[in-house]
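Each remark here refers to the structure printed beneath this line.
In this note's numbering, the protein residues as written are 89 to 688.
Below, the structure written as structure tokens:
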């Protein structure tokens with residue numbers, strides 16, 4: 089069976105010496121109700137820790153030395169630290185600020201997706217960043233993307249298997265990240281298959297994303313080597329994935345809060361839960377603030393009828409086993425990493441004490457451990473914004489060009505938002521004036537454009553039901569991290585774009601010639617550099633309030649923006665290729681160089 093290792097400090101000889109009483113433990117927890125996720129039992133006992141590993145679990149009355157830290161659990165439950173197997177540490181927050189928030193909530197291990205770091209730093213930069221982030225409290229593991237979320241010229245060179253292979257050689261890069269463009273696997277794309285084979289050659293996992301895949305296509309995806317999927321949204325889809333051997337993550341996120349329905353596979357259908365996981369799948373900051381992180385998933389699962397110890401298995405032992413780390417992580421047993429939570433009850437799952445790697449890192453919701461100061465500017469910049477601000481701020485760039493018929497109108501394919509990230513095509517017959525579509529008599533429609541960071545191309549669309557009351561809006565917060573712009577007024581759009589360029593990335597909303605919202609996101613155009621989670625929370629709430637006041641009708645603006653520019657969800661999308669229909673792969677309105685619009 090495939091196994092992975094962690095570089096733990098305590099030797100096995102030292103653990104044995106502590107068990108035999110030949111050396112004192114560094115930390116002892118007494119009078120605990122131990123949650124044994126291996127046997128499914130609650131056991132009274134004591135726990136001894138040497139450095140970063142558990143040495144002893146059992147009834148023996150342990151004694152320590154003069155330097156031993158003694159913790160009296162006073163009958164509290166002691167559980168393994170929670171594991172998030174599918175984290176996206178770039179939803180305005182960054183890996184440091186996310187850790188500062190969720191570690192006191194009991195999530196001691198996170199498996200991070202490297203997408204935007206890889207796009208902006210490249211393989212060498214990601215390698216350096218992963219090494220630097222080892223100084224974070226808790227355990228931080230990574231999954232390496234093998235393609236982006238929107239095809240672009242040069243993508244396969246950027247994600248060459250030699251570059252990905254250099255990351256897979258690192259102990260904390262434990263596999264390849266979700267492949268959102270799963271049709272590549274159904275079509276047996278050699279590029280994707282080679283990357284997965286490389287991960288398998290390293291004994292590592294290949295995460296998946298199979299939203300909308302039929303049962304037959306799931307067969308092909310599993311045959312391609314995918315290990316897991318988090319995209320089930322019904323009990324039947326959970327069963328389909330389990331029956332084909334996929335580790336299946338039950339998701340509850342800001343975008344898809346599906347867990348109360350999905351856990352019915354356990355509470356009502358009584359399926360074997362040994363290959364089920366829990367994931368928050370990149371919730372926006374306000375969701376974490378209100379509902380917690382993995383702790384919140386446990387609350388939901390137990391309220392939905394899952395027994396507490398079984399729920400804990402989904403958040404500890406199961407993900408550790410999926411990752412190939414169950415001999416060193418995910419349970420309370422000798423040799424395991426000492427990630428331990430003191431829980432007053434098995435209903436709220438809010439720890440009174442958090443121990444990570446043998447160190448007390450949080451108590452009563454407060455972080456006690458220091459976090460490193462990361463110089464994000466020290467990493468390479470592969471995608472700087474080099475388009476000139478004044479050129480990018482030309483209103484002519486943001487008009488939708490069309491050729492009129494004899495009556496002066498054009499049939500225009502419009503992106504209509506049906507839900508927060510679900511779009512459909514609705515053609516509109518619109519007047520054309522001076523070679524550009526006029527939307528002034530169509531409330532709710534906005535001009536939209538995606539402008540290359542280097543100014544080499546621009547794509548255009550008309551959008552319905554996004555934020556029809558916005559004069560001008562621009563952001564790098566989208567799956568391409570190029571400059572996404574939208575609004576009713578091309579002049580206001582241009583001002584917003586000009587300001588985003590000047591900021592070096594971020595979010596700007598313009599009204600009456602002035603910014604009414606301005607959020608710098610210098611880190612890959614997606615994240616604040618602040619180590620404070622509250623900074624990301626404040627930015628997200630301000631954005632949501634602003635766009636709701638201007639016609640945004642849904643619940644998750646960050647994911648609406650993120651996925652508008654992807655090419656893995658059905659419906660029309662705005663990409664570097666132009667306005668495309670993902671399902672048919674048709675280019676409805678091609679991208680053009682700005683000079684073709686008379687703008688240089």
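Glycine included, each C-beta is placed from N, C-alpha and C at the ideal position.
Sorted by chain position, which residues of the same chain lie with C-beta nearer than 6 Å to residue 89's C-beta, five sequence neighbours on each side aside?
-> As a first step, residue 89 must be located in the chain shown, where it is residue number 1. Residue placement at residue 89 is poorly supported in this model, since its pLDDT is 38, which falls under 50; the coordinates are not used for a value here.
Using the C-alpha atoms, what's the distance from residue 189 back to residue 670?
-> Along the chain shown, one-based indexing puts residue 670 at 582. Along the chain shown, one-based indexing puts residue 189 at 101. Going from the Cα of residue 670 to the Cα of residue 189 covers about 37 Å.
Under the criterion of a Cβ to heavy atom distance below 7 Å, does residue 608 qualify as lining the ligand ATP?
-> Absent from the structure shown: the ligand ATP. Ligands present: none.
Given residue 147 as reference, the closest of 256, 159, 156, 132 once Cα atoms are compared = Stepping through the chain shown from its first residue, residue 147 is reached at position 59. Selected option, being the one with the closest Cα: 132.
Secondary structure of residue 185, DSSP reduced to three states | Indexing the chain shown from 1 puts residue 185 at position 97. Helix.
Inter-stretch contact at 8 Å, needing at least 3 Cβ pairs: the stretch 393–405 / the stretch 206–221 = no
Going by CA-CA distance only, name the one from 551, 535, 547 that's closest to residue 511.
-> For the purposes of this step, residue 511 is identified with residue 423 of the chain shown, where counting begins at 1. Residue 511 has its Cα closest to that of 551, out of 551, 535, 547.
Taking one C-beta from the stretch 569–582 and one from the stretch 245–262 each time, how about it: are there three or more such pairs within less than 8 Å?
-> no
Would residue 649 pass as a contact of residue 549 if the rule is Cβ separation under 8 Å?
-> Counting from one through the chain shown, the residue named residue 649 turns up at place 561. Counting from one through the chain shown, the residue named residue 549 turns up at place 461. Not in contact: residue 649 and residue 549 (Cβ atoms no closer than 8 Å).
When the Cα atoms are used, what is the spatial distance from residue 111 to residue 407?
-> What you label residue 111 is simply residue 23 of the chain shown in a count that begins at 1. What you label residue 407 is simply residue 319 of the chain shown in a count that begins at 1. Whole-angstrom Cα-Cα distance: 33 Å.
Locate the beta strand (DSSP E) running through residue 680, then write down its first and last residues.
-> For this step, residue 680 is matched to residue 592 along the chain shown. Looking at the DSSP string, residue 680 is not in any beta strand (DSSP E), and its letter there is neither H nor E.
Going by other Cβ atoms of all chains shown within 10 Å of its Cβ, with 16 needed for buried, is residue 393 buried or exposed?
-> For the purposes of this step, residue 393 is taken as the residue at position 305 of the chain shown. Exposed is the call here.
Alpha helix (DSSP H) containing residue 44: first to last residue?
-> The first residue shown for the chain is 89 and the last is 688, placing residue 44 beyond what the model contains.
Proximal residues to residue 220 (C-beta, below 8 Å), its chain only, five neighbours per side dropped = In the chain shown, counting from the first residue as 1, residue 220 sits at position 132. Correct list, in chain order: 460, 462.
Below 8 Å on the Cβ atoms is my guess for residue 382 versus residue 606; work out the distance and round it to an integer in Å.
-> Translated into positions along the chain shown, residue 382 becomes position 294. Translated into positions along the chain shown, residue 606 becomes position 518. Between residue 606 and residue 382 the Cβ distance is about 33 Å, and since that is not below 8 Å, they are no contact.
Mark residue 644 as exposed unless 16 or more other C-beta atoms lie within 10 angstroms of its C-beta, in which case mark it buried.
-> By 1-based counting over the chain shown, the position of residue 644 is 556. Residue 644 is buried by the Cβ-count criterion.
Contacting residues, own chain, Cβ-Cβ under 8 Å from residue 410 (five flanking each side not counted) = Looking up residue 410 in the chain shown gives position 322. 173, 293, 315, 316, 335, 363, 365, listed in sequence order.
Residue 127 burial status per 10 Å Cβ neighbour count (16 or more: buried) | One-based indexing of the chain shown puts residue 127 at position 39. So residue 127 counts as exposed.
Answer yes or no: do residue 403 and residue 431 have a C-beta to C-beta separation smaller than 8 Å?
-> Residue numbering aside, residue 403 sits at position 315 when the chain shown is read from its first letter. Residue numbering aside, residue 431 sits at position 343 when the chain shown is read from its first letter. Cβ distance not < 8 Å, so residue 403 and residue 431 don't count as in contact.
Counterpart residues of residue 227 in DSSP-defined beta bridges = For the purposes of this step, residue 227 is taken as the residue at position 139 of the chain shown. 197, per the DSSP bridge assignment.
Between the CA atoms of residue 423 and residue 416 - distance to the nearest angstrom | Translated into positions along the chain shown, residue 416 becomes position 328. Translated into positions along the chain shown, residue 423 becomes position 335. Each residue's Cα considered, the two are about 6 Å apart.
For residue 477, collect the residues of the same chain with a Cβ closer than 7 Å to its Cβ; drop the 5 residues on either side in sequence, then sort them by chain order.
-> Translated into the one-based positions of the chain shown, residue 477 becomes position 389. Taken in chain order, the residues that qualify are 586, 589, 590.
What number of angstroms, rounded off, separates the C-alpha of residue 285 from the C-alpha of residue 641?
-> Within the chain shown, numbered from 1, the residue matching residue 285 stands at position 197. Within the chain shown, numbered from 1, the residue matching residue 641 stands at position 553. Each residue's Cα considered, the two are about 43 Å apart.
Does the Cβ of residue 93 have 16 or more other Cβ atoms within 10 Å, making it buried, or fewer, making it exposed?
-> Counted from its first residue, the chain shown places residue 93 at position 5. So residue 93 counts as exposed.
Extent of the continuous alpha helix (DSSP H) run through residue 706 = Since the first residue shown for the chain is 89 and the last is 688, residue 706 is missing from the structure and cannot be characterised.
Backbone secondary structure at residue 634 - three-state DSSP = Taking the chain shown and counting its residues from 1, the one referred to as residue 634 is at position 546. Residue 634: helix per DSSP, three-state reduction.
Sort 374, 377, 150, 321 by Cα distance to residue 352 and report the nearest one.
-> Here residue 352 corresponds to residue number 264 of the chain shown, with the count starting at 1. Of 374, 377, 150, 321, the residue nearest in Cα terms is 321.
Residues that DSSP places opposite residue 521 in a beta bridge = The count along the chain shown starts at 1 and reaches residue 521 at position 433. DSSP, once it has assigned bridges, lists 524 as partnering residue 521.
8 Å Cβ cutoff met for residue 429 and residue 194 = By 1-based counting over the chain shown, the position of residue 429 is 341. By 1-based counting over the chain shown, the position of residue 194 is 106. Going by C-beta atoms, residue 429 is nearer than 8 Å to residue 194.
If you count every other CB in all the chains shown that lies within 10 Å of the CB of residue 710, and 16 or more means buried, which is it?
-> What the structure shows of the chain is the stretch from 89 to 688, and residue 710 is not part of that stretch, so it cannot be assessed.
Would you identify the three-state DSSP class for residue 568, choosing helix, strand or coil?
-> Indexing the chain shown from 1 puts residue 568 at position 480. Reduced to three states, the DSSP call for residue 568 is coil.
Euclidean distance between Cα positions of residue 104 and residue 199 | Numbered from its first residue, the chain shown carries residue 104 at position 16. Numbered from its first residue, the chain shown carries residue 199 at position 111. When rounded, the distance between both Cα atoms is 30 Å.
With 16 as the cutoff for other CB atoms within 10 Å, does residue 143 come out buried or exposed?
-> Taking the first residue of the chain shown as position 1, residue 143 is located at position 55. Buried, because 16 or more other Cβ atoms sit within 10 Å of the Cβ of residue 143.
Have a look at residue 600 and residue 313 and give me their C-alpha separation to the nearest angstrom.
-> Counting from 1 along the chain shown, the entry for residue 600 is found at position 512. Counting from 1 along the chain shown, the entry for residue 313 is found at position 225. Rounded to the nearest angstrom, the two C-alpha atoms are 54 Å apart.
Pick from 676, 250, 161, 99 that is closest to residue 118, judged by C-alpha positions = Counting from 1 along the chain shown, the entry for residue 118 is found at position 30. If we check each option's Cα against that of residue 118, 161 comes out closest.
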